[in-house]
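I have placed the structure first, in the form of structure tokens, so that the comments after it can refer back to it.
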């Protein structure tokens with residue numbers, strides 16, 4: 001009887017420790033600074049322009065659009081590029097269920113190209129509010145879909161099959 005109690009206690013504490021460790025890993029900032037320590041105060045001048053959101057962008061939080069997304073790391077400023085690629089089926093939300101980067105800022109006239117990794121099953125890209133753009137559903141690695149943004153605004157989009165998992169994104173056109 002004593003041995004069985006000890007085994008149960010061990011299994012319970014191991015499961016609790018594993019759960020806490022897993023949750024702690026999920027709640028960390030997913031910043032792409034490339035350093036192991038990084039500064040929580042945003043003092044890393046290299047990452048400030050690329051992956052750390054500005055105070056205004058972080059405050060807006062797109063009305064909670066990214067609340068269920070674990071790979072949102074701010075708005076990536078790509079306003080100096082004619083074409084921007086977003087990965088479809090990137091690692092996030094428990095598997096290949098993310099767009100990477102989740103949010104980009106581009107200039108009017110920029111073409112955004114979504115490129116499939118082949119991970120996470122069948123995906124698509126659908127502009128949520130007005131259906132302004134929609135790709136086909138596919139799991140094919142290397143498949144691409146593109147849309148050229150002409151008008152300023154925020155364009156929220158989803159992968160319909162995995163929206164509830166947090167596979168959502170935003171293109172900000174300024």
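In UniProt numbering, the protein residues as written are 1 to 174.
Just so you know, even glycine gets a beta-carbon here, dropped at the ideal spot from N, CA and C.
Item: With DSSP run on the structure shown, which of helix, strand or coil describes residue 75?; Value: coil
Item: Measure from the alpha carbon of residue 80 to the alpha carbon of each residue in 112, 62, 66 and 155, then state which is nearest.; Value: 112
Item: Measuring CA to CA, which of 170, 94, 141 and 90 is closest to residue 149?; Value: 170
Item: Hey, quick one: how far does the beta strand (DSSP E) through residue 115 stretch, first residue to last?; Value: 110 to 116
Item: What does DSSP give as the partner residues of residue 90 in its beta bridges?; Value: 98
Item: What would DSSP say about residue 107, mapped onto helix, strand or coil?; Value: coil
Item: Beta strand (DSSP E) containing residue 171: first to last residue?; Value: 168 to 173
Item: Please identify the residue among 89, 154, 106 and 83 whose C-alpha is closest to the C-alpha of residue 71.; Value: 89
Item: Out of 158, 61, 173 and 128, state which residue places its alpha-carbon closest to the alpha-carbon of residue 179.; Value: Nothing in the structure corresponds to residue 179, since the chain is present only between 1 and 174.
Item: Rank 126, 93, 140 and 146 by C-alpha distance to the C-alpha of residue 110 and give the top, closest one.; Value: 146
Item: Suppose contacts are defined by Cβ-Cβ distances below 8 Å. Is residue 140 in contact with residue 118 by that definition?; Value: yes
Item: Taking 8 Å as the limit between beta carbons, can you name the residues of its chain near residue 84, skipping five residues before and five after?; Value: 78, 104, 106, 110, 111, 112 and 113
Item: So what's residue 69 in DSSP terms, helix, strand or just coil?; Value: coil
Item: The beta strand (DSSP E) that contains residue 153, what's its start and end?; Value: 153 to 158
Item: Determine the direct distance from the alpha carbon of residue 133 to that of residue 151, and round the result to whole angstroms.; Value: 14 Å
Item: Need the endpoints of the beta strand (DSSP E) that residue 141 sits in, please.; Value: First-last for residue 141: undefined, no H or E at that position.
Item: Output the distance between the C-alpha atoms of residue 96 and residue 73, rounded to the nearest integer angstrom.; Value: 17 Å
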